[in-house]
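Visitor:
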Amino acid sequence: MLKFLSEQSSPILLMIFLIENCLVTLMALFAGWLTQKLTHKLIESPSRNEVLVCITTNLINTFITYAGFKMWQSGFLVFGFNHSWLIVFDFVLLFLVMDLAMYVLHYGIHHTAVYNKIHKFHHYYSHPKPIDLFVLHPLETVSFGVLWLGIISIYVFNFYAVIIYLIINVVFGIAGHLGTEPLSDKTRNSLLFKYLGSSTFHHNHHADINYNYGFYTNIWDRIFKTYKP
Ligand SMILES: [Zn+2]
Ligand SMILES: [Zn+2]
């Protein structure tokens, strides 16, 4: 796949990355809609504004994907391609490092003037719906993109681990903005899910902005005393 992409011109690459980003968004929104339907949640359609911002986020993410690809081509980003246990190790490492980095960034945003200027935009809805995952101020989308490219360029991550991480990232993002909890209390309290960020976890952050700054886990919130179950 990377060999095929390497042979394409910049406009074609941008087109491919735009299609890829839009497809991921559409699949994520469909999964969100389906979960809402299965859990009998009243489905609200997105406003015109939300759709426009979602399109803008996709355009920015297309440029971030393109920048990442160019960084890989010029050797600033290096990936491993082994089919080994490293896939699992690198995935867990990336998952935890990104979770901590986003916790710190998210906490910082909420406790400085950046909140009112930028992040308040995402908090416009105290009861989020799936599309709100993509309703972010453009500067916030850019800063998450820079953080992402920065972190994957400081260590040689396994390429397959990165792909799995990107899929899981969307799954958690949509889960957090479902507006409904698909998991039962029993499942959420099981050892496997107890420390992961559930739909309720991020929903509670939208309802009360003083808690739950984590994304994939509630570990950092538990450690830094910002956890609201
Ligand atoms: Zn927030
Ligand atoms: Zn949110």
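Residue numbering for the sequence shown follows the numbering used here, starting at 4 and increasing by one per position. Glycine included, each C-beta is placed from N, C-alpha and C at the ideal position. Since we're looking at a predicted model, the values are computed, not measured.
(1) Rounding to the nearest angstrom, what Cα-Cα distance links F49 and I154 in this structure?
(2) Which residue marks the beginning of the alpha helix (DSSP H) containing F66, and which one marks its end?
(3) Please confirm whether Y69 and F20 have their CB atoms less than 9 Å apart.
(4) Closer than 8 Å to a non-hydrogen atom of ligand 1 - does that hold for the CB of H125?
(5) Just checking D93 against ligand 2 - is the residue's beta carbon closer than 8 Å to any of the ligand's heavy atoms?
(6) How far does the alpha helix (DSSP H) with D224 in it extend, from its first residue to its last?
(7) For H109, tell me which candidate among S9, V165, K123 has the shortest Cα-Cα distance.
(8) How would you call P14, buried or exposed, if buried means at least 16 neighbouring beta carbons within 10 angstroms?
(9) Going by the DSSP bridge assignment, what does L199 pair with across the sheet?
Guide: Working from what's here:
(1) Position 46 of the sequence shown, counted from the start, is the residue given in the question as residue 49. Position 151 of the sequence shown, counted from the start, is the residue given in the question as residue 154. The question names Phe, but residue 49 in the sequence shown is Pro. Across the structure, P49 and I154 are spaced so that their CA atoms are roughly 33 Å apart.
(2) Working through the sequence shown from its first residue, we reach residue 66 at position 63. F66 -> alpha helix (DSSP H) spans 51-76.
(3) Position 66 of the sequence shown, counting from 1, holds the residue named residue 69. Position 17 of the sequence shown, counting from 1, holds the residue named residue 20. Less than 9 Å separates the beta-carbon of Y69 from that of F20.
(4) Counted from its first residue, the sequence shown places residue 125 at position 122. Flag set: Cβ of H125 near ligand 1.
(5) Within the sequence shown, numbered from 1, the residue matching residue 93 stands at position 90. No, Cβ of D93 sits at least 8 Å from all heavy atoms of ligand 2.
(6) Mapped onto the sequence shown, residue 224 falls at position 221. Here the alpha helix (DSSP H) through D224 covers 222-226.
(7) For the purposes of this step, residue 109 is taken as the residue at position 106 of the sequence shown. Of the listed residues, the one whose Cα sits closest to H109 is K123.
(8) Here residue 14 is taken as the residue at index 11 of the sequence shown, counted from 1. By the Cβ-count criterion, P14 is exposed, with fewer than 16 other Cβ atoms from all chains shown falling within 10 Å of its own Cβ.
(9) The sequence position of residue 199 within the sequence shown is 196, counting from 1. Looking at the DSSP output, L199 shares a beta bridge with T220.
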